[in-house]
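Engineer:
In the working numbering, the protein residues as written are 38 to 316.
#1: Tell me the rounded alpha-carbon separation between residue 210 and residue 282.
#2: Flag this pair as yes or no: are the beta carbons of residue 225 and residue 170 separated by less than 7 Å?
#3: Are residue 235 and residue 284 touching if we call contact CB-CB under 7 Å?
#4: Assign residue 366 to buried or exposed, taking buried as 16 or more other Cβ atoms, counted over all protein chains shown, within 10 Å of its Cβ.
#5: Put residue 144 into one of helix, strand or coil per three-state DSSP.
#6: Along the alpha helix (DSSP H) that carries residue 127, what are the first and last residues, could you check?
#7: Would you mind sorting residue 80 into buried or exposed? The rule is 16 or more other CB atoms within 10 Å of its CB.
#8: Could you check which residue in 109, 108, 77 has the C-alpha nearest to that of residue 98?
#9: Counting only the same chain and skipping the five closest in sequence on each side, list residues whose C-beta sits under 6 Å from that of residue 220.
#10: Under the three-state reduction of DSSP, which class applies to residue 197: helix, strand or coil?
#11: Measure the CB-CB distance between residue 231 and residue 289 and report whether it falls below 7 Å.
#12: Hey, which unbroken runs of the beta strand (DSSP E) at 3 residues or more fall wholly within the segment 248 to 287?
#13: With distances taken between CB atoms, is the gap from residue 308 to residue 122 smaller than 7 Å?
#14: Given this structure, state the Cα-to-Cα distance separating residue 261 from residue 117, to the nearest angstrom.
#15: The alpha helix (DSSP H) spanning residue 57 covers which residue range?
#16: So, under 8 Å CB-CB, residue 96 and residue 64 are touching, yes? Tell me the CB distance rounded to an integer number of Å.
#17: Rounded to the nearest angstrom, how far is the Cβ of residue 131 from that of residue 297, given a contact under 8 Å?
#18: When DSSP labels each residue in this structure, what does residue 20 get in the three-state scheme?
#19: Quick check: the segment 142 to 161 against the segment 51 to 64, are there 3 or more CB pairs under 8 Å?
#20: Could you give the distance in angstroms between the alpha-carbon of residue 306 and the alpha-carbon of residue 294?
#21: Does the Cβ of residue 212 have 16 or more other Cβ atoms within 10 Å, making it buried, or fewer, making it exposed?
#22: What are the boundary residues of the beta strand (DSSP E) that includes residue 316?
#23: How would you label residue 47, buried or exposed, when you count the other beta carbons within 10 angstroms and need 16 or more for buried?
#24: Would you tell me roughly how many angstroms separate the C-alpha atoms of residue 160 and residue 133, rounded to the nearest one?
#25: Tell me where the beta strand (DSSP E) around residue 224 begins and ends.
#26: Would you kindly report the start and end of the unbroken alpha helix (DSSP H) that includes residue 203?
#27: At which residues does the beta strand (DSSP E) containing residue 293 begin and terminate?
#28: Cα separation between residue 88 and residue 107?
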């Protein structure tokens, strides 16, 4: 195993993420402009799509990282049966869930029950389909609804904060089932579906449109919240959450609701693109 991967196990994940959380909200102009400029140059960020293209106008680095796009920069596929991509980024893996197991990378997989932290919740998805989208530092970092749904519950699952870059994903067993994450259960017109916001090293903060900051604080045990009495309905393509820094979004569908298309690893995708079919 590479030294860089071995270090992933040894580093103090949460301590580093807490430091980055603070550092990315420091409003000292030279600091935040330096950080933003570094990311823009290193990752060739396309600021022409941003609602605010001037890096000096952002209050701090995280405001830049969670930037809004110009109206019309992304659009939902108009077909009524289209399952929409939840995030900008690249496909990590996608396809069928076979006997309750999800492909992480070549030679690596994990179970739906591990991801959802529930044997009971996993039953509906045992033979469904999934897509995993990796968001790099250059991407738009807000996640949108793949289809319309009413929020049923959220499950905050404690865990590590391994990097979700392609290298660690290929080598660290069950990475997505080990990282801290927020599992969001929805009920759609055709049945249930799940959107999972997976944290990562240095980029582990998650906010939702219905409750604000969810991570941190980090969980010490699995925490489930029931939202059914609040009747929170989110339209197809509506913003649902954001990464304060980037990470990975995983969508699960049961077999009776729809099917993910034959996407290939490293395929670039954008919010609102068709990535599957709703039945």
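Yeah, the Cβ is synthetic: ideal placement off N, Cα and C, and Gly gets one too.
Structural biologist: Let me spell this out:
#1: Along the chain shown, one-based indexing puts residue 210 at 173. Along the chain shown, one-based indexing puts residue 282 at 245. So the alpha carbons of these two residues sit roughly 23 Å apart.
#2: Numbered from 1 along the chain shown, position 188 holds the residue referred to as residue 225. Numbered from 1 along the chain shown, position 133 holds the residue referred to as residue 170. Against a cut-off of 7 Å, the Cβ pair of residue 170 and residue 225 comes out as no contact.
#3: In the chain shown, residue 235 corresponds to position 198, counting from 1. In the chain shown, residue 284 corresponds to position 247, counting from 1. Taking 7 Å as the Cβ cut-off, residue 235 and residue 284 qualify as a contacting pair.
#4: Nothing can be reported for residue 366: it is not among the residues displayed for the chain, which extend from 38 to 316.
#5: By 1-based counting over the chain shown, the position of residue 144 is 107. It is coil, neither helix nor strand.
#6: Taking the chain shown and counting its residues from 1, one reaches residue 127 at position 90. Premise fails: residue 127 lies in the beta strand (DSSP E), 126 to 133, not in any alpha helix (DSSP H).
#7: Translated into the one-based positions of the chain shown, residue 80 becomes position 43. Exposed: under 16 other Cβ atoms inside 10 Å.
#8: For this step, residue 98 is matched to residue 61 along the chain shown. Taking the Cα of residue 98 as reference, the smallest distance to any Cα among 109, 108, 77 is reached at 77.
#9: The residue given as residue 220 occupies position 183 in the chain shown. Here the set comprises 153, 192, 233.
#10: By one-based count along the chain shown, residue 197 stands at place 160. Three-state result, residue 197: strand.
#11: Within the chain shown, the letter at position 194 stands for residue 231. Within the chain shown, the letter at position 252 stands for residue 289. For the 7 Å CB-CB criterion, residue 231 and residue 289 form a contact.
#12: Those beta strand (DSSP E) runs which fall completely within the segment 248 to 287 and span 3+ residues are 249 to 252, 260 to 263, 276 to 281.
#13: Within the chain shown, residue 308 is the residue found at index 271, counting from 1. Within the chain shown, residue 122 is the residue found at index 85, counting from 1. Residue 122 sits close to residue 308, with the two beta carbons spaced by under 7 Å.
#14: For the purposes of this step, residue 261 is taken as residue 224 along the chain shown, with counting starting at 1. For the purposes of this step, residue 117 is taken as residue 80 along the chain shown, with counting starting at 1. Taking the Cα positions, residue 261 is about 32 Å away from residue 117.
#15: As a first step, residue 57 is located in the chain shown; it is residue number 20 there, counting from the start. Per DSSP, the continuous alpha helix (DSSP H) segment holding residue 57 begins and ends at 50 to 60.
#16: Residue numbering aside, residue 96 sits at position 59 when the chain shown is read from its first letter. Residue numbering aside, residue 64 sits at position 27 when the chain shown is read from its first letter. Cβ-Cβ separation between residue 96 and residue 64: approximately 6 Å, consistent with a contact (criterion under 8 Å).
#17: For the purposes of this step, residue 131 is taken as residue 94 along the chain shown, with counting starting at 1. For the purposes of this step, residue 297 is taken as residue 260 along the chain shown, with counting starting at 1. Correct: roughly 5 Å between the Cβ atoms.
#18: The structure shown has nothing for residue 20, since the chain only spans 38 to 316.
#19: No, the segment 142 to 161 is not in contact with the segment 51 to 64.
#20: Counting from one through the chain shown, the residue named residue 306 turns up at place 269. Counting from one through the chain shown, the residue named residue 294 turns up at place 257. The C-alpha of residue 294 is placed about 22 Å away from the C-alpha of residue 306.
#21: Reading the chain shown from its first residue, position 175 is the one you call residue 212. The residue is buried, with at least 16 neighbouring Cβ atoms inside 10 Å.
#22: Position 279 of the chain shown, counted from the start, is the residue given in the question as residue 316. That residue, residue 316, is in no beta strand (DSSP E); it is neither H nor E in DSSP.
#23: Against the chain shown, residue 47 aligns to sequence position 10. With fewer than 16 other Cβ atoms within 10 Å, it is exposed.
#24: Here residue 160 refers to the residue found at position 123 of the chain shown. Here residue 133 refers to the residue found at position 96 of the chain shown. Each residue's alpha carbon lies about 15 Å from the other.
#25: One-based indexing of the chain shown puts residue 224 at position 187. Taken as a continuous stretch (DSSP letters only), the beta strand (DSSP E) holding residue 224 covers 218 to 225.
#26: Reading the chain shown from its first residue, position 166 is the one you call residue 203. Residue range 203 to 208 is occupied by the alpha helix (DSSP H) that includes residue 203.
#27: For this step, residue 293 is matched to residue 256 along the chain shown. First-last for residue 293: undefined, no H or E at that position.
#28: Residue 88 sits at position 51 when you count from the first residue of the chain shown. Residue 107 sits at position 70 when you count from the first residue of the chain shown. Per the coordinates, the alpha-carbon of residue 88 lies some 4 Å from the alpha-carbon of residue 107.
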